[in-house]
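Structure, as structure tokens:
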Amino acid sequence: MKNEGLMKLNHDEFVALLAVALESDEKEASGALSAWVDAVTRETEEKGFCAVEGLGAFRRADDGLMEFQPDDVLALEVNYKFAGLRPIEVSPPASSPTLGAGGEEEEPGVEAGKSEQEIESGAEDVEHREDEEPVFEPDEVEPDEVEPDEVEPDEVEPDEVEPDEVEPEWKPEPEFEPEIEPEPEYEPDTEPEPELAGSGMEDEETSSRSFTLPKLSLSQKLKARSGASKNRRRSATDRLAWLIPVAAILIVAVLLYFHFDGQRLSRTHIDDRPIARQEVPVPAPRDDREQEPAGQEFVPSPDPVEDVAPPPDAGREPEMVNNVAADPADEVIRDLALPYGLKGPEDEVLIGAYTIVVHSLRNERKSEIEKQRLENQGFKATQWSAVLPNGNATYRVGIGQFKTVSDAERAIEDLPEPFRSNNFIIRIR
Amino acid sequence: VNHMTDKNTEREIATILAAQLKKHARIQINGLGTFSVEHKKQEQLQENDGRVVMKPPTDVIVFTHEK
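Residue numbers (the working numbering), protein chains in the order written: chain A, 1 to 429; chain B, 430 to 496.
So this is what it looks like as structure tokens:
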């Protein structure tokens with residue numbers, strides 16, 4: 001868009017200005033200008049390049065035309081209103097695996113995605129590891145608690161084989177295997193098992209004993225059938241007496257575990273549901289604010305910045321996001337409480353919010369006057385300074401504070417001219 | 430081009446051109462071309478990586494060679 005409506009200077013007018021500068025008449029100035037044009041054109045054609053100090057350089061393009069590259073200082077002066085501005089990241093990459101790439105701050109959306117990804121892959125940071133450990137803790141603990149039970153059969157075996165006289169009668173298992181059919185006869189020996197039912201180890205123990213029973217089979221069976229029922233009952237009683245304390249200890253251990261670690265267990269079960277993590281809503285505005293390019297050059301004026309309230313999202317803890325921000329109504333209420341908008345008093349500057357810049361001035365005093373003028377018109381006006389690449393300062397005046405770029409763009413439609421057609425949006429930092 | 434024209438003349442020409450461009454004026458010089466300042470509005474663009482960025486507005490000097 002060329003500034004067609006701005007000042008134009010045709011050849012004759014330029015010659016007139018040159019005549020004044022050279023302190024000569026226009027005819028002489030015109031001749032000097034023509035000579036300069038011829039020299040520049042000729043040198044560019046011959047050498048492909050012609051530099052003019054304080055202006056820039058002419059180059060010969062491939063199509064034979066001349067191109068002009070302005071001097072850096074001149075280009076900066078021409079663009080001083082917007083000098084130093086850098087792109088503002090409005091939304092992050094759709095599938096960015098990293099946080100805040102190219103931006104200044106982290107982004108909740110990506111962060112949440114990262115968290116989920118890490119949780120799924122197991123490549124988690126410390127916080128996530130802490131969150132996940134409880135998930136696996138019960139599973140890791142259970143085997144430990146089971147160990148005594150798993151050992152128990154081995155310990156039980158001697159009890160079952162307890163009668164010393166039986167031991168010498170042990171024979172190779174293969175010999176007894178065919179005779180194992182009457183297993184029910186040993187059921188009385190396994191009667192104590194129901195006492196362990198409460199521990200949940202019933203099935204495991206039952207299955208393990210199915211392999212130990214044959215070892216006891218024949219000799220003990222003979223003893224029993226030969227009238228040693230008394231010994232067998234005593235054996236069962238002894239075994240029962242041994243198992244009861246073990247079971248009691250196990251029950252006590254389980255109760256203690258649930259008593260002291262109950263909360264961790266319950267949280268574990270909640271976290272164990274992947275859907276619960278995915279359903280956690282993350283407020284959209286935080287996405288926008290935390291993705292601003294790191295090199296954003298805007299430096300809000302010291303006064304408002306130092307006195308401002310913290311940004312709406314500052315210091316928010318993950319738990320807060322899960323428990324509080326999950327309710328959209330709460331977020332709406334919170335936003336309504338913040339001084340967003342185009343008009344109204346500028347009670348506080350919201351760092352991270354967007355504003356519409358309508359003035360970029362070299363003179364600080366003038367920028368203060370413009371700010372006051374806007375405030376008198378009812379606008380929220382903010383004034384701050386920015387340092388340009390050449391080290392000079394420019395003083396910008398912004399109108400309004402907005403949560404998103406879209407909000408700011410909509411507000412522009414409500415601005416009066418010339419602000420409506422001459423502005424730009426930046427983020428307050 | 431100092432050796433091909435008067436150095437003082439070239440300095441004055443450059444000074445006038447620069448001053449006018451800073452005012453965003455459009456300057457026409459016969460036999461050479463036209464200098465102007467073009468304003469590029471702020472706009473949102475989507476980068477190749479999917480990022481949506483708002484590029485700042487700029488005022489740039491444009492030269493159109495006179496054929």
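In this text, a Cβ means the ideal position worked out from N, Cα and C, and glycines have one as well.
Notebook entry, point to check: First and last residue of the alpha helix (DSSP H) that includes residue 444 of chain B?
Noted result: 436-451
Next item on the list: Would you tell me roughly how many angstroms separate the C-alpha atoms of residue 64 of chain A and residue 463 of chain B, rounded to the nearest one?
Entry: 17 Å
Item checked: Bridge-paired residues (DSSP) for residue 488 of chain B -> B:468
Next item on the list: Using three-state DSSP, classify residue 400 of chain A as helix, strand or coil.
Entry: strand
Check: Is the CB-CB distance between residue 486 of chain B and residue 87 of chain A below 9 Å?
Finding: no
Checklist line | Closest Cα partner of residue 78 of chain A within the set B:480, B:439, B:449 and B:438 | finding: B:449
Note to self: Can you confirm whether residue 49 of chain A, when its beta carbon is compared against all beta carbons of chain B, has any partner nearer than 9 Å?
What the structure shows: no
Check: What is the C-beta distance between residue 354 of chain A and residue 394 of chain A, in whole angstroms, given that I count them as a contact (C-beta under 8 Å)?
Finding: With 8 Å as the limit, residue 354 of chain A and residue 394 of chain A do not qualify as a contact, their Cβ atoms being about 19 Å apart.
Note to self: I need the boundaries of the beta strand (DSSP E) containing residue 386 of chain A, first residue and last residue.
What the structure shows: 381-387
Checklist line | Residue-chain proximity (residue 414 of chain A, chain B), Cβ-Cβ < 9 Å | finding: no
Check: Nearest CA to the CA of residue 85 of chain A: which residue from B:488, B:496 and B:438?
Finding: B:488
Check: Expressed to the nearest angstrom, what Euclidean distance is found between the alpha-carbon atoms of residue 370 of chain A and residue 80 of chain A?
Finding: 18 Å
Next item on the list: Run down chain A in chain order and give the residues with a C-beta less than 7 Å from the C-beta of residue 439 of chain B.
Entry: 36 and 52
Margin query: Strictly under 9 Å for the Cβ-Cβ distance: is residue 92 of chain A near chain B by that measure?
Written below: yes
Note to self: With a threshold of 8 Å, are at least 3 pairs of Cβ atoms found where one atom belongs to the stretch 361-378 of chain A and the other to the stretch 433-445 of chain B?
What the structure shows: no
Margin query: Just to make sure I have the definition right: I need the residues of chain B whose C-beta is within less than 8 Å of the C-beta of residue 256 of chain A. Which are they?
Written below: Within 8 Å Cβ-Cβ: nothing; residue 256 of chain A doesn't reach chain B, min ~53 Å.
Check: Between residue 73 of chain A and residue 39 of chain A, what straight-line distance do the alpha-carbon atoms span, to the nearest angstrom?
Finding: 24 Å
Margin query: What would DSSP say about residue 461 of chain B, mapped onto helix, strand or coil?
Written below: coil
Notebook entry, point to check: What is the rounded straight-line gap between the Cα of residue 435 of chain B and the Cα of residue 359 of chain A?
Noted result: 41 Å
Notebook entry, point to check: Skipping 5 residues on each side, what residues in its chain have a beta carbon closer than 8 Å to that of residue 409 of chain A?
Noted result: 425
Notebook entry, point to check: How about residue 26 of chain A and residue 12 of chain A: do their beta carbons lie closer than 9 Å?
Noted result: yes
Next item on the list: Return no unless some Cβ of chain B is closer than 9 Å to the Cβ of residue 349 of chain A.
Entry: no
Next item on the list: Using a Cβ-Cβ cut-off of less than 7 Å, give me the residues of the stretch 10-26 of chain A that come near chain B, in sequence order.
Entry: 10, 11, 14, 17, 18, 21 and 22
Margin query: Rounded to whole angstroms, what is the Cα-Cα separation between residue 248 of chain A and residue 93 of chain A?
Written below: 58 Å
Next item on the list: Alpha carbon to alpha carbon, how far is residue 28 of chain A from residue 454 of chain B? Give it in angstroms, no decimals.
Entry: 24 Å
Check: At a Cβ threshold of 9 Å, is residue 419 of chain A touching chain B?
Finding: no
Notebook entry, point to check: Taking all protein chains shown into account, do 16 or more other C-beta atoms lie within 10 angstroms of the C-beta of residue 237 of chain A, making it buried, or fewer, making it exposed?
Noted result: exposed
Margin query: Using the Cβ count rule (16 or more neighbours within 10 Å means buried), how would you classify residue 241 of chain A?
Written below: exposed
Margin query: How far does the beta strand (DSSP E) with residue 56 of chain A in it extend, from its first residue to its last?
Written below: 56-60
Checklist line | Sequence-distant residues of the same chain with beta carbon closer than 6 Å to residue 492 of chain A, five excluded per side | finding: Nothing can be reported for residue 492 of chain A, as the shown portion of chain A is limited to 1 through 429.
Item checked: Own chain residues within Cβ distance below 7 Å of residue 342 of chain A, not counting five before or after -> 379, 380, 399, 400, 411 and 414
Next item on the list: Could you check the C-alpha separation between residue 461 of chain B and residue 66 of chain A for me, to the nearest Å?
Entry: 9 Å
Check: Given a threshold of 16 other Cβ atoms within 10 Å of its Cβ, counted over all protein chains shown, does residue 70 of chain A qualify as buried or as exposed?
Finding: buried
Check: First and last residue of the beta strand (DSSP E) that includes residue 362 of chain A?
Finding: No beta strand (DSSP E) contains residue 362 of chain A, which DSSP labels as neither H nor E.
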